[in-house]
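First the structure, in the form of structure tokens, and then the observations on it.
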Amino acid sequence: MLPELTQRLLAQWPNLPMDRQRPNKLSFLGMRTRVEAGYALFLAFADSDNVPWGMVKIARGSTAATYLQREWNILSHFQKYKLDVPGVSLPRPIFNEVVSGARIVVTTAPPGQAMGIGNSPARDLATLADRLAQFAYATRAAQPAWMVRQELKNSFEQLGNTFAGLSDREMKVFEGWITQGCEMIGDTQTEVIATHGNLHRQNIWLQRGQIAIINWEHGDLASFPLFDLFIFVTTYSLPPESRGSLAGYLHTFREMYFIEGPTTDLVCQAIVSYCQALNFPLDGVLSHFGIFLAQAALKEYEQLLIAAERGYLPLLRNSDGTRRQPYRQSIKNQLWLNLLRFLIKEHTSFKLTTYGRSQNVSQFIVTQPSNISAEQL
Amino acid sequence: MKETLSLVCPACKIMLNYFDDHLACSNCLARYPQREGIPSFAENDFYWNEISRPDMQNVIEAAKSQGWPSAVYDVLNPAGSEVHATVGDERRADWKYLLPLSPDSRVLDLGCGWGAAAIALSQICGQVVAMDATWERVQFLDIRCRQDQIDNLYPIHGGDTLTFPFPDGYFDLVVLVGVLEWFGESYPGLAPREAQLKALHNLWRLLKPGGHLYIAIENRFGYDYLIGRPDHNGIPFVGLLPRRLADWLSRWHTGQPFRTYQYSMWGYQKLLQTAGFDQIQFYGDLPQYRHPHFYIPLKGDIIFNYFLTHLWELFVAGTPERVREYRWAFRMAKIGVSIARRLHLGSLARYLVPGFSIIAQRI
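Those protein sequence lines, which keep their order, are chains C and V. What the first sequence shows, in the working numbering, is residues 115 to 491, in sequence order. What the second sequence shows, in the working numbering, is residues 4 to 366, in sequence order.
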């Protein structure tokens, strides 16, 4: 497949949006992706270049092909409207065709390297909050209020239908957040922004003060503010060993949102900075956080089903982290739903809304240029 | 409707005739049974698997009655093991994208195991023949094909002889994942390297001109062997020794000769060229060829250096299962790479990758 792609790319090179001369040959470095991603990933190197110029994604099936098409559409949209966000770079779409029966999408490769394993959480979180706020500011748009309300109500119904195990009390608390979310929406229209939809740190690459955000196949041009930041902060602090272990996740989640400590402070600081930059009311954060967890649960459920249909065991464990569950129970007992349940159970001690030190981080990060220097990154 | 596969007599290469319960050669009158509709060319009752034979029987019974996913994930219940990934993870065969395959391609997966690679290949190729010497694994694959309605994959029982029941020039691709080193073990009448060469040459003949051979195998000088990972016969460091010394040590330790020959990059290159192959490409499979996360082209050191400087973090992060399984190897590799980079010897690391994906062509 890649040999044929190479031939096509080299033949079409003058007509493709390339910023490099036509090479004589291409080499490919294969990288494994998550099961749920549904595509194979290769970095393309031209001649003897020491960095890749392209990312090649090959869809394994029709569902993944749909996601890749979605990424293509979103990146093309950004390209068409010449989206320019200070400090943020996005892949440029280059090639989108069916090759030997498989959908292949090629974009430019991100500069720099993938964000590491959380060696500097303060810097990473502050940088991300800053850059995401700038991105949100640049992509904001107005949407009819009824449409957003309807979407919130759909989340409630879908959650009830999908996860029959949720208790009445849990559904009631969640319904309260939905109602609160609806009340916060304006009468006629409300502000939505473009979101990435899967912003964990492997999708963020860093180079000299710039961040590059890759893998937009779960992106949305009109979505709720805060979604990307929530994904990032809920997955950021998880060390590799705890990833995949429900107990590890719940422990980290509790540390981040319910216990006052260095991590809690950093997370709150990032969220408060972001909300202030976008003029988003802080008292709506809990409601939005709950809705985010529910939407993430629904999204994960859908992805796990697809993975199971393709013969994969969802990578989840029992709460003791030791023994695998039969795969059907694993699907039912998945990560984001458990985080949602935990939040509902403990929401009275959720710290963010009572966070008392927000004035210390009140620097308005959108209208001012970023004060994070290249050296700091 | 599944088409009938064209098979030839392994002995005289005459097309075999299909009967209800066997295939027969009209020339030498040899008969080959069909067990549960699966042609069988195996000469021995061989069994190799990640699980015991009785456990495998349970899995097969469950697959028949409850469906194969349930058999693997609910009955096999691989607590703490990675068997489920061996069975079901199509990402293990992402090397397929490096090859010029199309819906017209015909592929032989020799030593197919549970069939994960064969299934993955069947999604992009026209016809895939999956052959294994362990009957139960072929049986499981056949059940999976029927249940998933895969009609372009043909499980065949066999592969324990050096001759194969296919016409010459029949395949566009022959796949050997974790198989080449075992040819020496399977054919005790020949010296290990001779057995490997003979098998490779016979497979070369099965390829169309321009067809490819894909091999996934360990590196004799992989960093994991250098830090003491046991070889196939269970003895650490034995593969690093000169062959005669390795053979003596193996006989002394296990009572068995050392016959599972592996090679360095140059060694494989020479072996394949001697067998008639050309255009040989090497990729480093990390962390291991059985469950690769990265395929790194090893021609020149530029891309490998990029991996070390830009992607190393992703490799080390791994999945929890991999990190656990390769905990020591990860730590030692990290220390080794760190020292090598300080001494500006990072590019030498590519010669120490634990395994290779090798693509060779019949010109």
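We put the beta carbon where it would ideally sit given N, CA and C, even for glycine. Bear in mind that the values here come from a model prediction, so they are computed numbers and not experimental data.
- With 16 or more neighbouring CB atoms inside 10 Å of its own CB, residue 192 of chain C falls in the buried class.
- Beta-bridge analysis with DSSP links residue 133 of chain C to no other residue.
- At least one C-beta of chain C is nearer than 7 Å to the C-beta of residue 103 of chain V.
- With respect to residue 165 of chain V, residue 201 of chain V sits close: the two C-beta atoms are nearer than 7 Å.
- Residue environment: residue 273 of chain V is assigned as exposed (fewer than 16 neighbouring CB atoms within 10 Å of its CB, all protein chains considered).
- Here residue 145 of chain C is bridged, per DSSP, to C:155, V:297.
- At the C-beta level, residue 278 of chain V and residue 203 of chain V come within 7 Å of one another.
- Counting only Cβ-Cβ distances below 8 Å, residue 154 of chain C has contacts in chain V at 94, 97, 100, in chain order.
- Leaving aside the five residues that flank residue 337 of chain C on each side, the residues in its chain whose CB is nearer than 8 Å to its CB run, in chain order, 306, 307, 308, 309, 311.
- In this structure residue 366 of chain V is exposed. Its beta-carbon is surrounded by fewer than 16 other beta-carbon atoms within 10 angstroms.
- Ranked by how close their Cα comes to the Cα of residue 255 of chain C, the residues C:416, C:405, C:392 have C:392 in first place.
- Counting the other CB atoms within 10 Å of its CB gives residue 341 of chain V a total below 16, which places it among the exposed residues.
- Per DSSP, the beta bridge partners of residue 134 of chain V are V:113, V:159.
- The C-alpha of residue 133 of chain C is placed about 43 Å away from the C-alpha of residue 269 of chain C.
- Residue pairing for residue 281 of chain V: DSSP places it in a beta bridge opposite V:364.
- Using a Cβ-Cβ cut-off of 8 Å, residue 295 of chain V is close to 144, 146 of chain C, given in chain order.
- Contact check between the segment 186-205 of chain C and the segment 319-333 of chain C: three or more CB pairs, one atom from each, fall below 8 Å, which counts as touching.
- According to the DSSP secondary-structure assignment, residue 160 of chain C is paired through a beta bridge with C:140.
- Below the 8 Å Cβ cutoff, chain V contributes 127 as neighbours of residue 216 of chain C, in chain order.
- Taking C-beta atoms under 8 Å as the contact rule, residue 224 of chain C and residue 326 of chain C qualify, at a distance of about 4 Å.
- The beta carbons of residue 10 of chain V and residue 19 of chain V sit closer together than 7 Å.
- With a 10 Å radius around the Cβ and a threshold of 16 neighbouring Cβ atoms, residue 416 of chain C comes out exposed.
- Under the Cβ criterion of 7 Å, residue 113 of chain V is not counted among the residues facing chain C.
- Residues of the segment 161-185 of chain C with a Cβ closer than 8 Å to any Cβ of chain V, in chain order: 162, 163, 164, 165, 166, 172, 174, 175.
- Residue burial is scored here from C-beta neighbours: residue 123 of chain C has at least 16 other C-beta atoms within 10 angstroms and is therefore classed as buried.
- Boundaries of the beta strand (DSSP E) around residue 170 of chain C: 168-173.
- Check the Cα spacing between residue 303 of chain C and each of C:213, C:279, C:238, C:260: the tightest is with C:260.
- Three or more beta-carbon pairs separated by less than 8 Å link the segment 133-140 of chain V to the segment 155-174 of chain V, which places the two stretches in contact.
- Only 295, 296, 297, 298, 299, 300, 302, 303, 305, 306, 308, 309, 310, 312, 313, 314 from the segment 290-314 of chain V bring a Cβ to less than 8 Å from some Cβ of chain C.
- The segment 143-152 of chain V makes no contact with the segment 205-221 of chain V; the number of CB pairs closer than 8 Å stays below 3.
- As computed with DSSP, residue 457 of chain C is found in no beta bridge at all.
- By the criterion of a C-beta distance shorter than 7 Å, residue 248 of chain C is surrounded in its chain by 199, 200, 201, 202, 480, once the five residues flanking it on both sides are discounted.
- At a cut-off of 7 Å between beta-carbon atoms, residue 228 of chain C makes contact with chain V.
- Taking the beta carbon of residue 116 of chain C as reference, the chain V residues within 9 Å of it are 100, 101, 102, 103, listed in sequence order.
- Residue pairing from DSSP places residue 220 of chain V in a beta bridge opposite V:359.
- Counting C-beta pairs with one atom in each stretch, the segment 270-279 of chain C and the segment 374-389 of chain C have fewer than three that are closer than 8 Å, which means they do not touch.
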